[in-house]
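Please read the structure below before turning to the comments.
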Amino acid sequence: MISKKASENYEAFLKYDENNKIKAFLMLQIKDEPENDILPIQPNKKRIKISTFKIDDDFKSLILSEAIINIIFSEMDKEKIYECYVTMYKDKQKALLNVLFSWGFLEVGTKNNEIVMVKMKNTDLNDVKKNYKWYFN
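Written out as structure tokens, the structure reads:
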């Protein structure tokens, strides 16, 4: 599975606790194709898909959420990509929805029973507050 993900342009960031258990997990994928399964259909464009964004319930904090968002923005800067998106269940993930809205993500469509949230990156790079990659392994 690791080699499959690597071949599909995935990058993962993990945060462990003191007992070496995963407490946060972020997986990003670079895509350069139309998103035909999103309504309305998203045209061909290079974008980052936030494939997985999970934080253990006992480990949630503002700094961890901010770290994850900043990693996403840092990867967008590094790859010179100005759009990212995530799909999520609106009714089941209200806390995440509020975090994404606070960082400028907008609801732009649907994919099956999920909503699609998109963030267009500002070209002045002011959204990246700090480099939080040190926080993850």
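Numbering-wise, my numbering comes out as the position in the sequence shown, counting from 1, plus 25.
For glycine and all other residues, C-beta sits at the position ideal for the given N, C-alpha and C.
Gly134 sits away from Ile73, with the two beta carbons spaced by 8 Å or more.
DSSP places Ile140 within a strand segment (E or B) once states are collapsed to three. The C-alpha of Asn69 is placed about 15 Å away from the C-alpha of Met145.
In this structure, DSSP gives Asp57 an extended state, which the three-state scheme calls strand.
Distance check between Ile96 and each of Ile75, Asp57, Val143, Asp81 places Ile75 closest, using alpha-carbon atoms only. For Asn123, the secondary structure class from DSSP, reduced to helix, strand or coil, is helix.
Judged by DSSP secondary structure, Phe78 falls within the beta strand (DSSP E) whose first and last residues are 67 to 80. When secondary structure is reduced to three states using DSSP, Lys146 falls in the coil class, being assigned neither helix nor strand. Checking the DSSP bridge columns, you'll see Gly134 partnered with Val141.
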